[in-house]
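Here is the structure we will look at.
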Amino acid sequence: MDDKTCSQPVEAKAEGVVVVTWALDDPKDPFNWPRRKKYLNVLIPIYICLLTAANSTSTGIMSIWGPSRFHTTPLGFQLSVTAYLLPFACGSVLTAPLSELLGRKRIYQVATVLSALLFIPQALTTSLPVLLSMRAVQGAAASAGNALVGGSIADLFRARDRALPTNLFVLANLVGQGIAGLLGWVGGAGIAWCYGVQGIALALGAAGCFALSETRRDVLLSRRAEQLTRSTGVIHVTPDQSDQNESLKHKIRISCTRPIQFMFTEPIVAALSLWIGFNCLVASIALGLGVAPVLIYVYGPQLRARSKITSHLTNGAF
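Below, the structure is given as structure tokens:
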């Protein structure tokens, strides 16, 4: 079935202009893709999310070797966590709107390749300022994974079918924070290997991004409308053409203001936010005052204890 028969002009908007939308059984609509193709386009980004979460907690293990390598104090080396997480938290303000304009696939590819490449200078440098700057750029790039996976799930699955992929997404974020403890197995070969192993793992994810298909439905429909316009000479537009024409600045403003608006106007969002914050507080107290002292007493203050402490995050995920 070609594009002309798949896209059904449903309304004449004006003389010489037609609106195109998806047919219910259109095979090119992501909702109608085969199940295998849907999960391919979800599991690769979820794998990237798992590695992103591991990267955010791996500094705890590497702090055994980091201060001597970078000629700084333990606190100075721990700044690499802050340098990574602050841009990570703010980067989605840009990457999410860009995905609405350019599509998910391009953002996944560029961001993941950049994030993987930035492990190279981290593995090679012995300069703390270079490390912190690379971590900051990497955090901004890595934010694309977490910011877009929920959107990819919504692109591919109708509301009644989203439970399993959403649970896998959440599980990957929790498990990823714990598997950073496995870096203790390669840390004996040098801290460069801790960064190198993560870089190799993420490079596999970056390669997988080139097997992804575009999933953003309005971007796909917009491209189809442009193709039909070129092939027929008749102007075709999409029902959401005005949204597609919105500026990046406008989309960024919405990304910044809408979460705050939901926080104070949607009771469910506010309740869930408070509950998550409470759980994080309880987990921090339990880990800091309960689990950590026991493991340090049993295994000593070095690598084995830190690996065990980090791995308990994975146990908690299940």
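Numbering-wise (this note's numbering), the sequence shown opens with residue 526 and increments by one.
C-beta atoms are modelled at their ideal positions from N, C-alpha and C, and glycine is treated no differently.
The alpha-carbon of residue 644 is positioned some 45 angstroms away from that of residue 549. For residue 761, the beta-bridge partners assigned by DSSP are 543.
Between residue 602 and residue 588, the gap from beta carbon to beta carbon is short of 7 angstroms. Burial of residue 673 is indicated by the presence of at least 16 other C-beta atoms within 10 angstroms of its C-beta. Nearest in C-alpha terms to residue 735, of all of 569, 561, 547, 555, is 569. Judged by DSSP secondary structure, residue 607 falls within the alpha helix (DSSP H) whose first and last residues are 599-627. Residue 611 and residue 755 have their C-alpha atoms roughly 44 angstroms apart. The closest CA to that of residue 662, considering only 616, 599, 724, 728, is found on 616.
Sequence-distant partners of residue 599 (beyond 5 residues in either direction) whose C-beta falls short of 7 angstroms from its own C-beta, in its chain, are 588, 592. Every unbroken stretch of the alpha helix (DSSP H) spanning 4 or more residues and falling wholly within the region 654-723 is given here in chain order: 688-704, 709-712. Taking one beta carbon from each stretch, the region 623-630 and the region 681-688 have fewer than 3 pairs nearer than 8 angstroms; the two do not touch. Following the DSSP letters along the chain, one finds residue 648 inside the alpha helix (DSSP H) bounded by residues 644-649. Residue 554 and residue 742 do touch by the CB rule: their CB atoms are close to 7 angstroms apart, below 8 angstroms. Secondary structure note for residue 592: its alpha helix (DSSP H) is the uninterrupted segment 591-594.
Between the region 791-805 and the region 634-653 there are fewer than three inter-stretch CB-CB distances shorter than 8 angstroms, so the stretches are not counted as touching.
Assignment of residue 778 by DSSP, reduced to helix, strand and coil, places it in the helix class. Contact annotation: residue 613 and residue 677 have beta-carbon atoms that are not nearer than 7 angstroms.
Between the beta-carbon of residue 779 and that of residue 619 there is about 12 angstroms, and that puts the pair past the 8 angstroms contact cut. The beta carbons of residue 739 and residue 746 sit no closer together than 7 angstroms. Here residue 670 is near residue 577, since their CB atoms are less than 7 angstroms apart. Put simply, the backbone Cα of residue 567 is about 31 angstroms away from that of residue 789. With fewer than 16 other Cβ atoms from the protein chains shown falling within 10 Å of its own Cβ, residue 557 counts as exposed. For residue 553, the secondary structure class from DSSP, reduced to helix, strand or coil, is coil. Rounded to the nearest whole angstrom, the C-alpha separation of residue 701 and residue 544 is 44 angstroms.
Taking the Cα positions, residue 582 is about 15 angstroms away from residue 727.
Sequence-distant partners of residue 584 (beyond 5 residues in either direction) whose C-beta falls short of 6 angstroms from its own C-beta, in its chain, are 605, 606.
Taking the Cα of residue 561 as reference, the smallest distance to any Cα among 786, 763, 609, 690 is reached at 690. With respect to the C-alpha of residue 623, the residue from 646, 666, 590, 721 having the closest C-alpha is 666. The continuous alpha helix (DSSP H) containing residue 582 extends over residues 560-587. From the listed residues 803, 696, 753, the smallest Cα separation to residue 574 is found for 696.
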